[in-house]
Amino acid sequence: MRRQIVRLRLAEVLAGAFALERAEAAPLHDLRIACKRLRYALELHCEGLPAQTQAAERVMAELQDLLGEIHDCDVLLAMIAKGSGEAARIIRRDRGRLLTRVRRLWRTAFAVDGALDVLAAYAGFGSPQGSPGIAP
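This is the structure we're talking about:
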């Protein structure tokens, strides 16, 4: 049962990986929610999981936080009338930097024996060995 829940939540995260390429607000927010759900599943079902999955829980927390900051930028940009001016430029710059950090963390986590690579193997996905959803 535990493995099935982790597998389902991880599948949701993997299905949302396309958001990292498109960088659109709504899909990135959906990916954040999927990361949160996987993180909570790992927290609730940590007993009996391989020790390496604790690293996956930390990665999910960091991804969730970074994606949340991107969402905050998106909300601020929407609040600024037409998204012009110095404030919008600064918010877009910060959003871009955050997205770069998310993409880097994603690649590292799915590298061979990375935190999410190990979790994917545990959940029965095999080893993705790479960066699902984003180009190397």
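Our numbering puts the first residue of the sequence shown at 1, with every later residue one more than the last. All residues carry an ideal CB built from backbone N, CA and C; glycine is no exception.
Subject >> Limits of the unbroken alpha helix (DSSP H) element including D113 >> reply: Segment: none, D113 is in no alpha helix (DSSP H) and carries neither H nor E.
**OP:** Would you identify the three-state DSSP class for P27, choosing helix, strand or coil?
**Re:** helix
Original post:
Excluding the five sequence neighbours on either side, which residues of its own chain have a C-beta within less than 6 Å of the C-beta of A135, listed in chain order?
Top reply: For A135, the pLDDT reaches just 46, beneath the cut-off of 50, and the residue's location in the model is therefore unreliable, although a value from the coordinates is still provided. Closer than 6 Å at the Cβ level, and outside the excluded window around A135, lies no residue.
**OP:** Write down every uninterrupted run of the beta strand (DSSP E) in the stretch 1–84 whose length is 3 residues or greater and which is fully enclosed by it, in chain order.
**Re:** Not a single unbroken stretch of the beta strand (DSSP E) spanning 3 or more residues falls wholly within the stretch 1–84.
**OP:** If I'm right that L63 touches L105 with Cβ under 8 Å, what's the distance once you round it to whole angstroms?
**Re:** 6 Å
Original post:
Under the three-state reduction of DSSP, which class applies to A123: helix, strand or coil?
Top reply: coil
Subject >> Inter-residue spacing [alpha-carbon to alpha-carbon] between Q54 and A121 >> reply: 14 Å
Original post:
Is the beta carbon of G114 less than 9 Å from the beta carbon of R3?
Top reply: no
**OP:** Assign A34 to one of two classes, buried (16 or more other C-beta atoms within 10 Å of its C-beta) or exposed (fewer than that).
**Re:** buried
Original post:
Can you tell me the Cα-Cα spacing of A109 and P27, whole angstroms?
Top reply: 20 Å
Subject >> Rounded Cβ spacing between A56 and L42 (contact assumed at less than 8 Å) >> reply: 6 Å
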